[in-house]
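S.K.: Listed in order, the protein sequences are those of chains A and U. For what it's worth, my numbering labels the leading residue of the first sequence as 3, then goes sequentially. For what it's worth, my numbering labels the leading residue of the second sequence as 283, then goes sequentially.
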Amino acid sequence: MNRTVLIGMTALALAIGGCAKRTPPPAEVTPPPAAEANPNSTDPNSLEVVELPALQADLVAKAGSDTVYFGTDEYSLDQATQTTLAAQARWMMANPNVRASIEGHCDERGTREYNQALGERRANAVRDYLLSQGVPAARLVTTSWGKERPVATGSNEEAWAQNRRAVTVIIR
Amino acid sequence: MIKRLALACLSLGLSTAALSQAQDEPPEVIGGSVRTSTAIAVPVMPGDVIGRQVAEVIASDLRSTGMFTPLGPSGLPSYSVEEAGNPAYPSWRNAGVAALVSGYIEPRPDGRMTVACYLHDVTAGRELVHQGFAVTGSDWRRAAHKCADLVYSRLSGQQPFLDTRVVYVAETGPKNNRQKRVAIMDSDGSNHRYLTIGRNTVVTPRFSPRGDRLVYVSYIGRKPRVLLYDVASGQERLLIPGDHITFAPRFSPDGRDVVYSMAENGNTDIYVVSASGGPPRRLTATPGADTSPSYSPDGRRIVFESDRSGNQQLYVMDADGSGQRRISFGGGRYASPSWSPAGNLIAFTKIAGPFRIGVMSPSGGGEKILTDGWQDEGPSWAPNGQFVMFHRTPQGAGAARLYAVSIEGGPARMMPTPVGGSDPSWSPLNN
Numbered sequence: 003m004n005r006t007v008l009i010g011m012t013a014l015a016l017a018i019g020g021c022a023k024r025t026p027p028p029a030e031v032t033p034p035p036a037a038e039a040n041p042n043s044t045d046p047n048s049l050e051v052v053e054l055p056a057l058q059a060d061l062v063a064k065a066g067s068d069t070v071y072f073g074t075d076e077y078s079l080d081q082a083t084q085t086t087l088a089a090q091a092r093w094m095m096a097n098p099n100v101r102a103s104i105e106g107h108c109d110e111r112g113t114r115e116y117n118q119a120l121g122e123r124r125a126n127a128v129r130d131y132l133l134s135q136g137v138p139a140a141r142l143v144t145t146s147w148g149k150e151r152p153v154a155t156g157s158n159e160e161a162w163a164q165n166r167r168a169v170t171v172i173i174r
Numbered sequence: 283m284i285k286r287l288a289l290a291c292l293s294l295g296l297s298t299a300a301l302s303q304a305q306d307e308p309p310e311v312i313g314g315s316v317r318t319s320t321a322i323a324v325p326v327m328p329g330d331v332i333g334r335q336v337a338e339v340i341a342s343d344l345r346s347t348g349m350f351t352p353l354g355p356s357g358l359p360s361y362s363v364e365e366a367g368n369p370a371y372p373s374w375r376n377a378g379v380a381a382l383v384s385g386y387i388e389p390r391p392d393g394r395m396t397v398a399c400y401l402h403d404v405t406a407g408r409e410l411v412h413q414g415f416a417v418t419g420s421d422w423r424r425a426a427h428k429c430a431d432l433v434y435s436r437l438s439g440q441q442p443f444l445d446t447r448v449v450y451v452a453e454t455g456p457k458n459n460r461q462k463r464v465a466i467m468d469s470d471g472s473n474h475r476y477l478t479i480g481r482n483t484v485v486t487p488r489f490s491p492r493g494d495r496l497v498y499v500s501y502i503g504r505k506p507r508v509l510l511y512d513v514a515s516g517q518e519r520l521l522i523p524g525d526h527i528t529f530a531p532r533f534s535p536d537g538r539d540v541v542y543s544m545a546e547n548g549n550t551d552i553y554v555v556s557a558s559g560g561p562p563r564r565l566t567a568t569p570g571a572d573t574s575p576s577y578s579p580d581g582r583r584i585v586f587e588s589d590r591s592g593n594q595q596l597y598v599m600d601a602d603g604s605g606q607r608r609i610s611f612g613g614g615r616y617a618s619p620s621w622s623p624a625g626n627l628i629a630f631t632k633i634a635g636p637f638r639i640g641v642m643s644p645s646g647g648g649e650k651i652l653t654d655g656w657q658d659e660g661p662s663w664a665p666n667g668q669f670v671m672f673h674r675t676p677q678g679a680g681a682a683r684l685y686a687v688s689i690e691g692g693p694a695r696m697m698p699t700p701v702g703g704s705d706p707s708w709s710p711l712n713n
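Structure representation (structure tokens):
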């Protein structure tokens with residue numbers, strides 16, 4: 003009777019960084035750059051975003067962390083967070099060819115839609131700080147996962163504290 | 283000689299004729315006050331092998347209202363097609379039942395079947411109401427739900443609500459890697475199917491006023507986006523093009539507009555856009571998180587939550603965004619409001635330690651808490667304004683489940699979903 007319409011497939015990107023060698027470097031196995039998203043498109047396929055896991059690992063290694071944490075119902079940045087973000091900003095300046103998706107998350111002790119708003123507040127606060135450190139605005143996008151992607155599964159203060167976070171995700 | 287009463291036949295799928303008999307009568311008091319549970323017999327319906335399943339669906343529907351103690355169909359005596367309209371009332375009285383649902387099933391010349399439904403007051407020894415429903419063979423469940431609605435309406439004085447569907451988010455997998463899919467089912471759990479495949483996280487699907495479309499939120503390109511989905515065809519499209527974080531969508535009562543939240547630069551406000559596309563119109567512009575908008579049934583006002591005062595509270599505004607005023611003043615925080623289709627109540631999630639479902643009048647008074655879970659949230663109204671569905675999340679890593687509760691009080695009833703579920707939306711009455 004009714005059929006579910008598949009709403010698109012993620013373009014798989016395999017970015018293999020070449021290093022300087024006498025032999026030709028391995029070919030980059032990447033699809034062509036995505037066409038500029040048509041802002042008036044109503045096709046969900048036009049919105050896909052490509053993560054870059056190797057560079058993500060490099061961010062974590064060089065900046066110390068890709069994640070900063072927040073108090074309950076808060077979106078302010080404490081000193082430890084600012085230190086981490088300053089290091090992330092330096093990494094972004096040293097890697098000018100990628101962008102970052104700043105992604106806010108919440109613990110489960112909030113209602114669904116309010117948490118979507120709170121996550122965006124957190125992401126926005128992090129983005130503002132990175133901007134203040136000189137990262138160009140065009141390289142940063144923000145989003146909110148609300149409480150949809152917890153990393154810790156308990157229902158206790160320790161788990162909730164781990165889930166109240168903003169993650170800097172390196173994207174093409 | 284076969285004597286059958288001339289039936290006022292409701293052809294399902296061809297007309298939306300109201301159950302007029304049920305609407306005009308006051309509640310029938312049978313064998314006690316309306317608040318005690320009525321013992322009602324639902325024997326196997328004669329005339330077709332499907333008569334047992336029809337009776338089972340009717341009995342299950344009646345049990346779900348919290349108003350009835352249905353007996354049968356197993357263990358009850360059978361009766362003939364001729365006896366459907368003229369049962370042996372003394373025998374039923376002796377069996378200790380106050381009411382009886384009888385009927386029969388017969389084929390029609392056009393290949394469909396008629397399901398005849400009779401409600402009897404056994405105590406008084408008379409029929410209260412009857413109606414016939416013409417359905418295709420595969421649609422027999424609709425006839426059973428319509429019959430149960432006829433019985434429920436006549437005995438409660440309320441509008442029907444059993445011939446409805448639920449759309450919700452089905453949840454599987456561990457808490458830190460949950461797979462979420464939009465799913466749809468009849469309100470008794472039958473005809474369950476998935477509408478999305480689970481690749482993207484999805485939340486908050488809501489029916490259009492005629493039940494033919496949905497709006498829901500899907501995480502596409504790592505952002506929450508509002509999609510408009512046609513239930514019959516499965517076609518869908520982005521409702522608000524552009525690079526925005528959008529969520530919390532709901533249809534207006536005339537089905538023409540969708541109200542929603544957009545988050546930008548650390549601020550979330552409420553907008554409305556035509557369901558057929560076009561530029562959004564901004565409704566709120568205060569610092570703070572304004573979200574969870576819900577129209578009044580006359581389409582003139584919108585209730586929403588905002589933390590502009592410092593924490594989440596409920597506000598009402600005119601549909602053009604003017605006249606924003608706070609209505610919640612009890613202790614605690616108030617979220618995720620939903621305006622009853624009957625217009626007289628607003629359901630909400632109250633956060634005061636635990637999360638509980640409550641209702642209040644649209645002016646903010648008369649607050650009544652309906653549930654007692656640890657984390658109950660996201661109320662959705664039955665179309666008759668008598669029941670509220672919500673999801674209950676347990677402490678720890680277990681899955682959330684859907685529950686329904688009567689506004690009269692009483693325990694919440696778990697909905698029969700195949701897996702965990704959240705964010706239910708109750709459809710209008712099916713055509």
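For each residue, glycine too, the CB sits at the ideal point set by N, CA and C.
Would you mind giving the Cβ-Cβ distance between residue 522/U and residue 555/U, rounded to the nearest angstrom? I have them listed as a contact below 8 Å.
M.R.: Correct: roughly 6 Å between the Cβ atoms.
S.K.: Relative to the C-alpha of residue 374/U, which residue among 353/U, 463/U, 386/U is closest?
M.R.: Residue 353/U is the option with its Cα nearest to residue 374/U.
S.K.: Count the other C-beta atoms from every protein chain shown that fall within 10 angstroms of the C-beta of residue 619/U, then say buried if there are 16 or more, exposed otherwise.
M.R.: Label assigned to residue 619/U: buried.
S.K.: In chain order, what residues of the same chain lie with their CB nearer than 7 Å to the CB of residue 362/U, ignoring the 5 residues before and after it?
M.R.: Once the five neighbours on either side are set aside, the close Cβ partners of residue 362/U are 328.
S.K.: Can you grab the Cα-Cα spacing for the pair residue 343/U / residue 480/U, in whole Å?
M.R.: Looking at the two C-alpha atoms, the distance is approximately 31 Å.
S.K.: Taking only beta-carbon atoms, is residue 659/U less than 8 Å away from chain A?
M.R.: Yes, residue 659/U lies at the interface with chain A (some Cβ there is under 8 Å from its Cβ).
S.K.: If you draw a straight line from the C-alpha of residue 162/A to the C-alpha of residue 524/U, how long is it?
M.R.: Each residue's alpha carbon lies about 33 Å from the other.
S.K.: Across which residues does DSSP place residue 459/U in a beta bridge pair?
M.R.: None, per the DSSP bridge assignment.
S.K.: Looking at chain A, which residues of the region 581 to 595 of chain U have a Cβ within less than 9 Å of any of its Cβ atoms?
M.R.: Within the region 581 to 595 of chain U, the qualifying residues are 587, 589, 593, 594.
S.K.: Identify whether residue 361/U lies in helix, strand or coil by the three-state DSSP scheme.
M.R.: In the structure shown, residue 361/U sits in coil (DSSP, three-state: anything other than H, G, I, E or B).
S.K.: Taking the alpha-carbon of residue 573/U as reference, which of 677/U, 537/U, 532/U, 547/U has the nearest alpha-carbon?
M.R.: Selected option, being the one with the closest Cα: 532/U.
S.K.: Check whether the Cβ of residue 485/U lies closer than 8 Å to any Cβ atom in chain A.
M.R.: True, the Cβ-Cβ gap to chain A drops below 8 Å.
S.K.: Just checking: is the beta-carbon of residue 677/U within a distance shorter than 8 Å of some beta-carbon in chain A?
M.R.: Yes, residue 677/U counts as interfacial toward chain A.
S.K.: For a contact meaning CB atoms closer than 7 Å, what does residue 127/A contact in chain U?
M.R.: The contacting residues are 548.
S.K.: Is there a Cβ from chain U that is less than 8 Å from the Cβ of residue 132/A?
M.R.: Closer than 8 Å: no.
S.K.: Any contact of the region 694 to 708 of chain U with the region 448 to 463 of chain U, i.e. 3+ C-beta pairs under 8 Å?
M.R.: Touching, yes.
S.K.: In this structure, does DSSP put residue 77/A in helix, strand or coil?
M.R.: In this structure, residue 77/A counts as coil in the three-state DSSP scheme.
S.K.: Based on Cα-Cα distance, which residue from 690/U, 609/U, 604/U, 642/U lies nearest to residue 597/U?
M.R.: It is 609/U whose Cα lies nearest to the Cα of residue 597/U.
S.K.: Using DSSP with H/G/I as helix, E/B as strand and the rest coil, what is residue 149/A?
M.R.: The answer is coil: DSSP assigns residue 149/A none of H, G, I, E or B.
S.K.: Whose C-beta lies closer than 8 Å to the C-beta of residue 562/U among residues of the same chain, with five residues either side of it excluded?
M.R.: Correct list, in chain order: 522, 544, 553, 554, 555.
S.K.: Between the region 156 to 171 of chain A and chain U, which residues of the former have a C-beta closer than 8 Å to a C-beta of the latter?
M.R.: Cβ contacts with chain U: 156, 157, 171.
S.K.: Inspect the beta-carbon positions of residue 382/U and residue 322/U and report whether they are closer than 8 Å.
M.R.: Yes; because the gap between Cβ atoms is below 8 Å, this pair is in contact.
S.K.: Give a yes or no on whether 8 Å exceeds the smallest Cβ distance from residue 67/A to chain U.
M.R.: Cβ-Cβ to chain U under 8 Å: no for residue 67/A.
S.K.: Please list the residues of the region 74 to 104 of chain A that have a C-beta atom closer than 9 Å to any C-beta atom in chain U, keeping them in chain order.
M.R.: Hits within the stretch, in order: 75, 77, 103.
S.K.: How would you write the range of the beta strand (DSSP E) that residue 474/U sits in, first residue to last?
M.R.: Where residue 474/U is concerned, there is no enclosing beta strand (DSSP E), given that its DSSP letter is neither H nor E.
S.K.: From 71/A, 138/A, 49/A, 89/A, pick the residue whose C-alpha is nearest to that of residue 105/A; which is it?
M.R.: The candidate whose alpha carbon is nearest that of residue 105/A is 71/A.
S.K.: Using a Cβ cut-off of 8 Å, pull out every chain U residue sitting near residue 120/A, in sequence order please.
M.R.: Simply 571.
S.K.: Note down the Cα distance separating residue 713/U from residue 111/A, rounded to an integer number of angstroms.
M.R.: Computed Cα separation, rounded: 39 Å.
S.K.: Is there a Cβ of chain A sitting closer than 8 Å to that of residue 640/U, yes or no?
M.R.: Judged by the 8 Å Cβ criterion, residue 640/U is not in contact with chain A.
S.K.: Say whether the region 389 to 401 of chain U touches the region 425 to 437 of chain U, bearing in mind that this needs 3 or more beta-carbon pairs closer than 8 Å, one atom from each stretch.
M.R.: Yes, the region 389 to 401 of chain U touches the region 425 to 437 of chain U.
S.K.: How close, in whole Å, do the beta carbons of residue 340/U and residue 430/U come, if the pair is a contact with beta carbons under 8 Å?
M.R.: Their Cβ separation, rounded to whole angstroms, is 5 Å, which keeps residue 340/U and residue 430/U in contact under 8 Å.
S.K.: Skipping 5 residues on each side, what residues in its chain have a beta carbon closer than 6 Å to that of residue 167/A?
M.R.: Excluding sequence neighbours, residue 167/A sits near 69, 71, 107.
S.K.: Just checking: is the beta-carbon of residue 57/A within a distance shorter than 8 Å of some beta-carbon in chain U?
M.R.: By this cut-off, residue 57/A is not an interface position.
S.K.: Taking only the alpha-carbon atoms, compute the straight-line gap between residue 636/U and residue 376/U and give it to the nearest angstrom.
M.R.: Their Cα atoms are separated by approximately 48 Å.
S.K.: Taking the DSSP output, what are the residues bridged to residue 659/U?
M.R.: 673/U.
S.K.: Counting only Cβ-Cβ distances shorter than 8 Å, please list the residues of the region 143 to 156 of chain A near chain U, keeping chain order.
M.R.: Those would be 143, 144, 145, 146, 147, 148, 150, 151, 152, 153, 154, 155, 156, in chain order.
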